[in-house]
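If you count the sequence shown from 1, position 88 lands on 88 in the working numbering, and the numbers rise without skipping.
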Amino acid sequence: MAKETRVDLAGMARGVIDTNRYLTLGTTEPDGRPRVSPVYFTHDGYRDFYWVSGPSAHHSENVRARPDVAIVIYDSTVAVGQGRAVYLTARAHEVPDDELVARAAAAWSTVPPGGARAFDPSELRGDADLRLYVARATKHEVHIPGGDPTYGTGTDTRREVIV
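This is how it looks when you write it as structure tokens:
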């Protein structure tokens, strides 16, 4: 793949991530079935994706037991054939107390106006109802519609990018 292609597709990936507030988190149930959950997210450097959830939430329990996750971020409001999406392969975990101050600062460094509120680390430990989670992306792919004038093949595809 030519370098300019990577730059264009990586820019598209960054744009999708920056303009959407929810991701779909795919975890694995104890019996191996997939489970998907929408979560409000922030990110740090397009590599670490953060969300806040209750530790007893079904997806939180799945992450604790099976940390390999899949994520998709997309705009569901665009016309048919115009879809853009980013697919992530990642490993997730609850942020431990000794990393909470630094991770919380990173998590809320990109919150847009009107976005989520920044939680104080004290609200995310001990007997608090919520915890901070992070998924570190190990692979980024972008959705290419089959009819894309530059990259289309007639069939929707995914292409790996480095963001």
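Yeah, the Cβ is synthetic: ideal placement off N, Cα and C, and Gly gets one too.
Buried versus exposed call for residue i [16 or more other C-beta atoms within 10 Å across all chains shown]
i: Val-69; result: buried
i: Pro-38; result: exposed
i: Ile-162; result: exposed
i: Thr-42; result: buried
i: Pro-34; result: exposed
i: Ala-118; result: exposed
i: Pro-145; result: buried
i: Ser-53; result: buried
Any non-hydrogen atom of the ligand MG closer than 7 Å to residue i Cβ
i: Val-72; result: This structure lacks the ligand MG, and indeed carries no ligand of any kind.
Distance CB(residue i)-CB(residue j) smaller than 8 Å
i: Gly-152; j: Arg-21; result: no
i: Thr-24; j: Ile-71; result: yes
i: Arg-136; j: Asp-48; result: yes
i: Glu-94; j: Tyr-133; result: yes
Paired residues, beta bridge with residue i - DSSP
i: Tyr-151; result: The partner list for Tyr-151 (beta bridge, DSSP) is empty, contrary to what the question assumes.
Extent of the continuous alpha helix (DSSP H) run through residue i
i: Ser-37; result: Careful: Ser-37 lies outside any alpha helix (DSSP H), inside the beta strand (DSSP E) at 34-40.
Can you check the region 110-149 for any beta strand (DSSP E) of at least 3 residues that lies completely inside it and give the ranges in chain order?
131-144
What are the start and end residues of each continuous alpha helix (DSSP H) run of 4 or more residues lying completely inside the region 45-101, in chain order?
58-65
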